[in-house]
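Undergrad: Sharing a structure, written as structure tokens. Questions coming.
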Amino acid sequence: MADRPIRVRYAPSPTGHLHIGNARTALFNYLFARHYNGTMVLRIEDTDQKRNIADGEKSQIENLHWLGIDWDEGPDKGGDFGPYRQSERKDIYMKYINQLLAEGKAYESYKTEEELQADREAQQANHEMPHYVYEYEGLTEAEKQAKIDAAKAKALTPVIRFHIPEDKTYEWQDIVKGDISIDGNTIGGDFVILKRDGMPTYNFAVVIDDHLMEITHVLRGDDHIANTPKQMAVYDALGWEAPVFGHMTLIINGATGKKLSKRDENVLQFIEQYRELGYLPNAMFNFITLLGWSPKGEDEIFTKKEFIKLFDEKRLSKSPARFDQKKLEWVNNKYIKETQPSELTALALENLIEAGRVPADPDANTIEWARQMISLYIPQMSYTQQVVDLSSIFFEDRTELTEDEMKEIADDNALPIIKLLKEKLEALDVFTAYFINQEVYQIRLALGVKGRKLFMPVRIAATFHMHGPQLAETMELMGRDKVMANIDRVLALIEK
RNA sequence: UGCCCGUUGGUCAAGUGGUUAAGACGCUUGGUUCUCAGCCAAGAAUCACGGGUUCGACUCCCGUACGGGUGACCA
Numbered sequence: 095m096a097d098r099p100i101r102v103r104y105a106p107s108p109t110g111h112l113h114i115g116n117a118r119t120a121l122f123n124y125l126f127a128r129h130y131n132g133t134m135v136l137r138i139e140d141t142d143q144k145r146n147i148a149d150g151e152k153s154q155i156e157n158l159h160w161l162g163i164d165w166d167e168g169p170d171k172g173g174d175f176g177p178y179r180q181s182e183r184k185d186i187y188m189k190y191i192n193q194l195l196a197e198g199k200a201y202e203s204y205k206t207e208e209e210l211q212a213d214r215e216a217q218q219a220n221h222e223m224p225h226y227v228y229e230y231e232g233l234t235e236a237e238k239q240a241k242i243d244a245a246k247a248k249a250l251t252p253v254i255r256f257h258i259p260e261d262k263t264y265e266w267q268d269i270v271k272g273d274i275s276i277d278g279n280t281i282g283g284d285f286v287i288l289k290r291d292g293m294p295t296y297n298f299a300v301v302i303d304d305h306l307m308e309i310t311h312v313l314r315g316d317d318h319i320a321n322t323p324k325q326m327a328v329y330d331a332l333g334w335e336a337p338v339f340g341h342m343t344l345i346i347n348g349a350t351g352k353k354l355s356k357r358d359e360n361v362l363q364f365i366e367q368y369r370e371l372g373y374l375p376n377a378m379f380n381f382i383t384l385l386g387w388s389p390k391g392e393d394e395i396f397t398k399k400e401f402i403k404l405f406d407e408k409r410l411s412k413s414p415a416r417f418d419q420k421k422l423e424w425v426n427n428k429y430i431k432e433t434q435p436s437e438l439t440a441l442a443l444e445n446l447i448e449a450g451r452v453p454a455d456p457d458a459n460t461i462e463w464a465r466q467m468i469s470l471y472i473p474q475m476s477y478t479q480q481v482v483d484l485s486s487i488f489f490e491d492r493t494e495l496t497e498d499e500m501k502e503i504a505d506d507n508a509l510p511i512i513k514l515l516k517e518k519l520e521a522l523d524v525f526t527a528y529f530i531n532q533e534v535y536q537i538r539l540a541l542g543v544k545g546r547k548l549f550m551p552v553r554i555a556a557t558f559h560m561h562g563p564q565l566a567e568t569m570e571l572m573g574r575d576k577v578m579a580n581i582d583r584v585l586a587l588i589e590k
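So the first sequence is numbered by the working numbering: it starts at 95 and just counts up by one.
Below is the structure:
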């Protein structure tokens, strides 16, 4: 096994959009493959026809690409081990199912849903773990055959169950958890490998696919630990060697302490949602990689290349990690500061359009204006959608000042400053930050007021807010008309 | 109820028998700036508990507690 070239896979089912937990699984498989110069396979596990959704596969692929994850083989790429959709591999599964049937390692089961349900209820009442009870228990081979024939005569369709050898103990060395050992009699009895609709079940199909696709390492969420012995039993039955398993801890909901579930609505769960808010792919990559894994040293910010180089599966954490939105914001802000303003503008523009702040098809002037406005907020922006709120100073038309703001301009110095400001700005030829600053300086010289006492009245009069980004730049972006209107409004309020 | 896994500050975490128990986010305080933010500096805060083993345990062993996972003709 160790000598074979490393092959790993990410195997989503197309049942929804890319979830953070799945993204993390994909990420670590990707890092593992790239670190060891191995091969990354994308396989679509679409055996549950009821749950598949129309664009599930497409959406997975798009979001993975957005995150910066790529693969070498998959439904969209081809490869020597295809097809890469389980729904297209039915003939392959049937071959092995027939083989197990012929060898007596699997059998037709006619137990109905009602019977199974009754079994489970009885077991539960008995404080036992729910498990399948062998329906041909104590029957001779002939009696068993007779029972099957009787069912066939009624035109019933069976499912195929796999016979679990209950006296075996399944043990493996897990890459992340270490030695794990599970008794064959605790895993729930003979399980279904072929459903009545003719599709194989997950626990069977993965084994066939992982083996045929020559997967060497299976890195997945630790909710699959309980499936592992079932899969190992299938490997045994087929005479195959199982791959190396690594069960990574789940990401848990910070508020509930439970596995991050698609039903939790208080946490943003899908990569797409972050994308829409203007999170950057590299920041997401960075943040998610550091959830449940850490490199040596003290750094927190790494490029993808560095992560690939540093990746070490032995440093995967054994205990679950909470998703910390605040830290993600910090990481994203770091990346925002490193990103070209033009790129940020493109993202933020979408958010502004979405919010109705900017027309859907902005002209060149608007784009340039937006670029400058967004630049003012780069130091404090956690994600670009925040410009919508941050920039409200440019869009709102307030008519009243808050108590705090009134206090700032109640000073005796305030009125002369504002009056002089109005005068100077009216006379200004070119309404740009540079010249505005000059005029403010002139006011300082003329009235002998400086610092907060000077700037606060100017800020409030010009912007109608006591907070905002650099004053002169803000005024330039607001434009002379709006600034003059603000000043008049504030003057009116003072005189009242 | 069974089986499996886990437990270092509020959060992410380093740590592998002897350390002042790193670092980051967050928080608090101070500095800087016209404000907010940012930036800089400082600070508070941690080994779940009980037994062993040992000269010495966060580190090894055993129990307890707590948390999580699993139980399908979902994956």
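For each residue, glycine too, the CB sits at the ideal point set by N, CA and C.
Only counting the same chain, and skipping five residues up and downstream in sequence, which positions put a Cβ closer than 8 Å to that of Leu125?
TA: Walking along the first sequence from the start, residue 125 turns up at place 31. Closer than 8 Å at Cβ, skipping near neighbours: Thr383, Phe401, Ile402, Phe405.
Undergrad: Apply the 10 Å Cβ neighbour rule to Thr442 and answer buried if 16 or more other Cβ atoms are within range, or exposed otherwise.
TA: Along the first sequence, read from residue 1 onward, the residue named residue 442 stands at position 348. Checking the sequence, you will find Ala at residue 442 rather than Thr. By the neighbour-count rule (16 or more Cβ atoms within 10 Å), Ala442 is buried.
Undergrad: I need the DSSP call for Val102, collapsed to helix, strand or coil.
TA: Along the first sequence, one-based indexing puts residue 102 at 8. Strand.
Undergrad: Just mark Gly172 as buried or exposed, buried being the case when its beta carbon has 16 or more other beta carbons within 10 Å.
TA: Stepping through the first sequence from its first residue, residue 172 is reached at position 78. Classification of Gly172: exposed, given that the 10 Å Cβ count is below 16.
Undergrad: Could you compute how far the alpha carbon of Val543 sits from the alpha carbon of Pro473?
TA: To locate residue 543, count along the first sequence from 1; it is residue 449. To locate residue 473, count along the first sequence from 1; it is residue 379. If I take the Cα positions, the gap works out to 29 Å.
Undergrad: Between Ile346 and Leu354, is the Cβ-Cβ spacing less than 8 Å?
TA: Looking up residue 346 in the first sequence gives position 252. Looking up residue 354 in the first sequence gives position 260. Contact: yes.
Undergrad: Starting from Glu202, trace the beta strand (DSSP E) both ways and give me its first and last residue.
TA: Here residue 202 refers to the residue found at position 108 of the first sequence. Run containing Glu202: 200-203, per the beta strand (DSSP E) assignment.
Undergrad: To which residues of the same chain is Lys412 closer than 7 Å at the C-beta, ignoring the five residues directly before and after it?
TA: Sequence index remark: in the first sequence, residue 412 carries index 318 (1-based). Around Lys412: Val270, Lys271, Thr343.
Undergrad: Could you name the residues of the same chain whose beta carbon sits closer than 6 Å to that of Pro224, not counting the 5 residues immediately before and after it, in chain order?
TA: Translated into positions along the first sequence, residue 224 becomes position 130. Result list for Pro224: Arg214, Gln217, in chain order.
Undergrad: Just how far apart, CA to CA, sit Asp325 and Val301?
TA: As a first step, residue 325 must be located in the first sequence, where it is residue number 231. As a first step, residue 301 must be located in the first sequence, where it is residue number 207. Strictly speaking, residue 325 in this sequence is Gln, with Asp absent from that position. C-alpha separation (whole angstroms): 6 Å.
Undergrad: Anyone know if the C-beta pair for Asn445 and Val481 falls short of 8 Å?
TA: Taking the first sequence and counting its residues from 1, one reaches residue 445 at position 351. Taking the first sequence and counting its residues from 1, one reaches residue 481 at position 387. In contact: Asn445 and Val481 (Cβ atoms closer than 8 Å).
Undergrad: Among residues of its own chain, excluding the 5 on either side of Ile163, which ones have a beta-carbon nearer than 6 Å to its beta-carbon?
TA: Residue 163 sits at position 69 when you count from the first residue of the first sequence. Same-chain partners within the cutoff: Ala120, Tyr124.
Undergrad: Looking at the structure shown, is Phe175 part of a helix, part of a strand, or coil, going by DSSP?
TA: Looking up residue 175 in the first sequence gives position 81. Phe175 falls in the coil class under three-state DSSP.
Undergrad: At 3 residues or longer, and completely inside the stretch 219-261: list those beta strand (DSSP E) runs for me, N to C.
TA: Listed in chain order, the complete beta strand (DSSP E) runs (minimum 3 residues) inside the stretch 219-261 are 253-256.
Undergrad: For Gln363 versus Ile114, is the C-beta distance shorter than 8 Å?
TA: Position 269 of the first sequence holds residue 363. Position 20 of the first sequence holds residue 114. Going by C-beta atoms, Gln363 is nearer than 8 Å to Ile114.
Undergrad: Using alpha carbons as the reference points, say which of Ser469, Ile287, Glu407, Pro375 lies closest to Val425.
TA: By one-based count along the first sequence, residue 425 stands at place 331. Residue Pro375 is the option with its Cα nearest to Val425.
Undergrad: Considering only C-alpha positions, which residue in the set Met550, Pro169, Phe529 is nearest to Lys501?
TA: As a working note, residue 501 is residue 407 in the first sequence. Minimum Cα distance to Lys501 is reached at Met550.
Undergrad: With burial defined as no fewer than 16 other Cβ atoms inside 10 Å of the residue's Cβ, what is the status of Met95: buried or exposed?
TA: Along the first sequence, one-based indexing puts residue 95 at 1. The pLDDT assigned to Met95 is 47, lower than 50, so where the model puts this residue is not dependable; a value taken from the coordinates is nonetheless given after this. Exposed.
Undergrad: Alpha carbon to alpha carbon, how far is Asp582 from Gly562? Give it in angstroms, no decimals.
TA: Numbered from its first residue, the first sequence carries residue 562 at position 468. Numbered from its first residue, the first sequence carries residue 582 at position 488. Distance between the alpha carbons of Gly562 and Asp582 is about 19 Å.
Undergrad: Among Glu448, Ile512, Tyr296, which has the Cα closest to the Cα of Asp600?
TA: As shown, the chain starts at 95 and ends at 590. That puts residue 600 outside it, with no answer to give.
Undergrad: When the distance is taken between beta carbons, is Asp284 closer than 8 Å to Thr263?
TA: Along the first sequence, read from residue 1 onward, the residue named residue 263 stands at position 169. Along the first sequence, read from residue 1 onward, the residue named residue 284 stands at position 190. It is not a contact, given that the beta carbons lie outside the stated cut-off.
Undergrad: Per the DSSP calculation, Asp273 is bridged to which residue(s)?
TA: As a position in the first sequence, residue 273 is number 179, starting the count at 1. Answer is Gln267.
Undergrad: Is Glu432 helix, strand or coil by DSSP?
TA: Position 338 of the first sequence holds residue 432. Here Glu432 sits in coil by DSSP.
Undergrad: Does the beta-carbon distance from Val135 to Met307 come in below 8 Å?
TA: The residue you call residue 135 lines up with position 41 of the first sequence. The residue you call residue 307 lines up with position 213 of the first sequence. The answer is yes: Cβ separation under 8 Å.
Undergrad: What distance in whole Å lies between the Cβ atoms of Phe529 and Leu522, which are believed to be in contact at a cut-off of 8 Å?
TA: The count along the first sequence starts at 1 and reaches residue 522 at position 428. The count along the first sequence starts at 1 and reaches residue 529 at position 435. Yes, Leu522 and Phe529 are in contact; Cβ-Cβ is about 6 Å, under 8 Å.
Undergrad: Indicate the three-state DSSP secondary structure (helix, strand or coil) for Lys518 in the structure shown.
TA: Taking the first sequence and counting its residues from 1, one reaches residue 518 at position 424. Of the three classes helix, strand and coil, the one that applies to Lys518 here is helix, per DSSP.
Undergrad: Quick check on the DSSP output: the alpha helix (DSSP H) that includes Ile287 runs from which residue to which?
TA: If you number the first sequence from 1, residue 287 lands on position 193. Unbroken run through Ile287 is the beta strand (DSSP E), 285-288; no alpha helix (DSSP H).
Undergrad: Around the C-beta of Pro294, are 16 or more other C-beta atoms found within 10 angstroms, so that it is buried, or is it exposed?
TA: For the purposes of this step, residue 294 is taken as residue 200 along the first sequence, with counting starting at 1. The residue in question, Pro294, is buried, as its Cβ has 16 or more Cβ neighbours within 10 Å.
Undergrad: Go ahead and pull the three-state DSSP assignment for Arg451.
TA: Here the question's residue 451 lines up with position 357 in the first sequence. Residue state, collapsed to three classes: coil.
Undergrad: Count the other CB atoms, across all protein chains shown, that sit within 10 Å of the CB of Asn380; report buried if there are 16 or more and exposed otherwise.
TA: Counting from 1 along the first sequence, the entry for residue 380 is found at position 286. Buried, since its Cβ has 16 or more Cβ neighbours within 10 Å.
Undergrad: One question on the structure: do Tyr373 and Tyr477 come within less than 8 Å of each other, judged by their Cβ atoms?
TA: Counting from 1 along the first sequence, the entry for residue 373 is found at position 279. Counting from 1 along the first sequence, the entry for residue 477 is found at position 383. Yes. Within cutoff.
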